[in-house]
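Residues 2 to 67 (this note's numbering) are what the sequence shown spells out, left to right.
Where a beta carbon is used, it is the ideal one built from N, C-alpha and C, also for glycine.
These figures come from a predicted structure and were not determined experimentally.
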Amino acid sequence: MAGADRFRDSTQILLPAPALDGIREDLEEEFTLTVRDEGPNVRIIGSPVEIKAASDFLAMNGINLA
Numbered sequence: 002m003a004g005a006d007r008f009r010d011s012t013q014i015l016l017p018a019p020a021l022d023g024i025r026e027d028l029e030e031e032f033t034l035t036v037r038d039e040g041p042n043v044r045i046i047g048s049p050v051e052i053k054a055a056s057d058f059l060a061m062n063g064i065n066l067a
């Protein structure tokens, strides 16, 4: 059985809020996600399929998730 950490990693992304400057609207329009502001960070929450696609989108826009 998969651990909670692994499941959480496949359903959310945590980034500094400025990382989404200029692309947040495109991200929210393109994918079925919840984007929550959490102080200096932003949490992107979605299904594993949407998170994978959003990760690819972010990478194509120069945002390193590693």
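Original post:
Between Phe-8 and Asn-65, what straight-line distance do the alpha-carbon atoms span, to the nearest angstrom?
Top reply: Here the question's residue 8 lines up with position 7 in the sequence shown. Here the question's residue 65 lines up with position 64 in the sequence shown. Below a pLDDT of 50, predicted positions are generally treated as unreliable, and Phe-8, at 47, falls in that range; the measurement from the model is reported next regardless. Whole-angstrom Cα-Cα distance: 20 Å.
**OP:** Quick one: measure Cβ to Cβ for Ile-45 and Ala-60, integer angstroms, because I've assumed they're closer than 8 Å.
**Re:** As a working note, residue 45 is residue 44 in the sequence shown. As a working note, residue 60 is residue 59 in the sequence shown. Contact flag wrong, Cβ pair sits at about 13 Å.
Original post:
Under three-state DSSP, which class holds Thr-33?
Top reply: On the sequence shown, position 32 is the one that residue 33 refers to. Secondary structure of Thr-33 (DSSP, three-state): coil.
Subject >> Boundaries (first-last residue) of the beta strand (DSSP E) holding Leu-21 >> reply: On the sequence shown, residue 21 is found 20 positions in, with the first residue counted as 1. Here Leu-21 belongs to no beta strand (DSSP E), and DSSP marks it neither H nor E.
Original post:
Sorted by chain position, which residues of the same chain lie with C-beta nearer than 6 Å to Val-50's C-beta, five sequence neighbours on each side aside?
Top reply: Taking the first residue of the sequence shown as 1, we reach residue 50 at position 49. The beta carbon of Val-50 is closer than 6 Å to none in its chain, skipping five residues each way along the sequence.
Subject >> Assigned exposure category for Gly-40 - 16 Cβ within 10 Å defines buried >> reply: Numbered from its first residue, the sequence shown carries residue 40 at position 39. By the 10 Å Cβ count, Gly-40 comes out exposed.
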